């Protein structure tokens, strides 16, 4: 049966390839969508991932940075720095707002840096200064290229003009880029004197971050303190949650498309092979064996489609990022495995459609001339 | 006690439809066929020959009556049990060959072997033997589309024999062949009956087979009756010159008040393409 099944697929190579191609397209669509969301979500947390303090201290009840707002009195961070085991606390102000460069608006994390402090600033520069002074701003290099801006150009944040003094790398995201201004400028924009948004706490070597976070929350009134990995995880999950419904919906659409394509192919295969199936039945092949043959064909087509989608996703994704750097694509193992499981389910569901037809094939038709 | 007959059919009927539209394709047929017999079932078109053959092969369930093949009463078996009976006890030879297009000659011959214990591996020596015997050695790895009609039918016969069933059911096996190839196929079936003690039940319109048949059964309006020798009306096929019984012939063509009778569809096709070539010859 196996040989007959495989060779039958081979004799209808055009429809088999077309079907596998269609399935690959449907899967690729979902894989790329997931890759875009995952890549962008990863890029959204790029800033906090690169800062990597031991503990993040913030307003009580806040547990991440993306789309959050946090204000903590600066004296509370002074109290943290006095605690045993704390080596250093770096304060930043932060706001999610639009930055206008040229004629384009970019949704951006604007981080206010204490003058001269490089702890919380950009981690890689293309050109210019990484430490903005009053009236100065560091923007992502990609952001500048896309907007026709450069060093010395003027951009505005909340209607206040800033001069671009630095172009940073790795800080661009289509959803949320990161720009840096001086702490004082952001205080003025936010009218937030005497407060900071987050404290980046570096501990002395050998200290336990989780225990220290608990101590900070216990000893400093109305602040939240989270170890770095937990803070990053919270932020990433928050970013993902914003796209997860869309991805899930698209996954259903893509899977349904794949089911439709494979089911249609299986129906066509059964219709074309109807006479041979009747002959096989007349010779003594059972319905179950014939159904197995149809399932095997759908599984093979689905697997071929999945393999093509996999190869394209892994091979083409880096090239897309190379030619369209604004888009960050991240193809994860989890997403590939998930799609593999979906492919298997798709194949089985699709094979159910022609099962009825297989059952209805009358072996007597083998006698028709 | 084991039956001495390979096939026993008692009061077998097959009705299609109900009420006024009911058709009695086979009506109360009883017959016995022994081991090693070559039996012809003849009759006009639509007389129920193929329906009877299908019931004997376990492909169609009778409306009434019982059929026993090699001591197994197939009419009481469950639907799911019949494929196994067909694979073990019956070899089918069809008019239109019915080979699997994607499989080679050898793979086609071996196809039914996967349905019985031992499978393909155990059947390979038998397949080689049949390939030799039916003169298919040169075509062993060929696909059906590259074979002639005669070669296709020889492959179909080899496929029917691979599982060594006691019964071969052949439905118009020469219907799509020219007279010479048809004769060759008939002689193969005759040899199978004689050499391997298998029973062959043949539905055909080909009168040449009468000479090699042990028995001829005449089916008309769904009932079996004896065939009388004076019922013959011999004429010549204008293409191949073969003697044909006009009374039973199915391949006929009328032109200018003349009726022509052919031994096969192939001869008829040739005639219809250029009738003057044969009429004036």
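Protein chains in written order, with the working numbering: chain A, 1492 to 1860; chain B, 5 to 285.
Yeah, the Cβ is synthetic: ideal placement off N, Cα and C, and Gly gets one too.
Every value quoted in this text rests on a predicted model; they were computed, and no experiment measured them.
7 Å Cβ cutoff, residue i in contact with chain B
{"i": "residue 1752 (chain A)", "result": "no"}
{"i": "residue 1783 (chain A)", "result": "no"}
{"i": "residue 1792 (chain A)", "result": "no"}
{"i": "residue 1499 (chain A)", "result": "yes"}
{"i": "residue 1496 (chain A)", "result": "no"}
{"i": "residue 1857 (chain A)", "result": "yes"}
{"i": "residue 1773 (chain A)", "result": "yes"}
{"i": "residue 1506 (chain A)", "result": "no"}
{"i": "residue 1789 (chain A)", "result": "no"}
{"i": "residue 1662 (chain A)", "result": "no"}
{"i": "residue 1824 (chain A)", "result": "no"}
Interface flag, residue i vs chain A, CB-CB below 7 Å
{"i": "residue 175 (chain B)", "result": "yes"}
{"i": "residue 34 (chain B)", "result": "no"}
{"i": "residue 151 (chain B)", "result": "no"}
{"i": "residue 102 (chain B)", "result": "yes"}
{"i": "residue 63 (chain B)", "result": "yes"}
{"i": "residue 87 (chain B)", "result": "yes"}
{"i": "residue 90 (chain B)", "result": "yes"}
{"i": "residue 58 (chain B)", "result": "yes"}
{"i": "residue 234 (chain B)", "result": "With a pLDDT of only 49 at residue 234 (chain B), under the threshold of 50, the placement of this residue in the model should not be trusted, and no figure is reported."}
{"i": "residue 20 (chain B)", "result": "no"}
{"i": "residue 41 (chain B)", "result": "no"}
{"i": "residue 10 (chain B)", "result": "no"}
{"i": "residue 208 (chain B)", "result": "no"}
{"i": "residue 270 (chain B)", "result": "no"}
{"i": "residue 106 (chain B)", "result": "yes"}
{"i": "residue 275 (chain B)", "result": "no"}
{"i": "residue 266 (chain B)", "result": "no"}
{"i": "residue 54 (chain B)", "result": "yes"}
{"i": "residue 6 (chain B)", "result": "No answer about residue 6 (chain B) holds up, because its pLDDT of 42 lies below 50 and its placement is not dependable."}
Best match in the options for proximity to residue i [C-alpha to C-alpha]
{"i": "residue 1504 (chain A)", "options": "A:1840, A:1791 and A:1570", "result": "A:1791"}
{"i": "residue 1532 (chain A)", "options": "A:1836, A:1851, A:1819 and A:1832", "result": "A:1819"}
{"i": "residue 1787 (chain A)", "options": "A:1845, A:1614 and A:1606", "result": "A:1845"}
{"i": "residue 1758 (chain A)", "options": "A:1784, A:1770, A:1777 and A:1733", "result": "A:1784"}
{"i": "residue 280 (chain B)", "options": "B:266, B:242 and B:167", "result": "B:242"}
{"i": "residue 1594 (chain A)", "options": "A:1564, A:1637 and A:1576", "result": "A:1637"}
{"i": "residue 8 (chain B)", "options": "B:33, B:60, B:73 and B:23", "result": "B:73"}
{"i": "residue 1655 (chain A)", "options": "A:1677, A:1622 and A:1707", "result": "A:1622"}
{"i": "residue 1536 (chain A)", "options": "A:1496, A:1511 and A:1724", "result": "A:1724"}
{"i": "residue 1497 (chain A)", "options": "B:183, B:191, B:139 and B:104", "result": "B:104"}
{"i": "residue 255 (chain B)", "options": "B:217, B:211, B:283 and B:222", "result": "B:211"}
{"i": "residue 1499 (chain A)", "options": "A:1624, A:1523, A:1789 and A:1733", "result": "A:1789"}
{"i": "residue 14 (chain B)", "options": "B:23, B:24, B:25 and B:30", "result": "B:30"}
{"i": "residue 277 (chain B)", "options": "B:226, B:262 and B:257", "result": "B:257"}
{"i": "residue 1545 (chain A)", "options": "A:1756, A:1776, A:1719 and A:1853", "result": "A:1719"}
{"i": "residue 1560 (chain A)", "options": "A:1569, A:1548, A:1571 and A:1567", "result": "A:1548"}
{"i": "residue 1599 (chain A)", "options": "A:1586, A:1811 and A:1743", "result": "A:1586"}
{"i": "residue 148 (chain B)", "options": "B:42, B:113, B:131 and B:94", "result": "B:113"}
DSSP bridge partner residues for residue i (one or two, in chain order)
{"i": "residue 1764 (chain A)", "result": "Answer is none; residue 1764 (chain A) lacks a bridge partner."}
{"i": "residue 1673 (chain A)", "result": "A:1604"}
{"i": "residue 1495 (chain A)", "result": "Bridge partners of residue 1495 (chain A): none, in fact."}
{"i": "residue 258 (chain B)", "result": "B:263"}
{"i": "residue 174 (chain B)", "result": "B:97 and B:206"}
{"i": "residue 46 (chain B)", "result": "B:222"}
{"i": "residue 18 (chain B)", "result": "B:30"}
{"i": "residue 1647 (chain A)", "result": "A:1591 and A:1652"}
{"i": "residue 247 (chain B)", "result": "B:240"}
{"i": "residue 1566 (chain A)", "result": "Paired residue(s): none; residue 1566 (chain A) is not in a bridge."}
{"i": "residue 229 (chain B)", "result": "B:222"}
{"i": "residue 1693 (chain A)", "result": "A:1579"}
{"i": "residue 12 (chain B)", "result": "B:36 and B:72"}
{"i": "residue 1688 (chain A)", "result": "None; residue 1688 (chain A) has no bridge partner."}
Residues that residue i contacts on chain D, provided the C-beta gap is smaller than 7 Å
{"i": "residue 98 (chain B)", "result": "Absent from the structure: chain D. Protein chains present are A and B."}
- Message: Just to confirm the assignment: which complete alpha helix (DSSP H) runs, minimum length 4, are found wholly within the stretch 1571-1638 of chain A?
- Response: 1632-1638
_If the cut-off is 9 Å on Cβ atoms, which residues from the stretch 1529-1550 of chain A count as contacting chain B, listed in chain order?_
none
- Task: Could you pull out every unbroken alpha helix (DSSP H) segment of at least 4 residues lying fully inside the stretch 1719-1796 of chain A, listed in chain order?
- Result: 1719-1763 and 1765-1774
Members of the stretch 1841-1855 of chain A near chain B, C-beta cut-off 7 Å:
1854 and 1855
| query | Along the stretch 1738-1771 of chain A, what residues have a CB closer than 7 Å to any CB found in chain B? | reply | 1767 and 1770
(Q) As an exercise, report each continuous alpha helix (DSSP H) stretch of at least 4 residues that is fully enclosed by the stretch 49-84 of chain B, in chain order. (A) 53-60
- request: Could you please tell me which residues of the stretch 1802-1818 of chain A, in chain order, have their CB closer than 7 Å to any CB of chain B?
  value: none
Practice item. Please name the residues in the stretch 116-129 of chain B whose beta-carbon is closer than 7 Å to at least one beta-carbon of chain A, in chain order. Key: 116, 118 and 119
What are the complete alpha helix (DSSP H) segments, minimum 4 residues, inside the stretch 1508-1559 of chain A? 1537-1542
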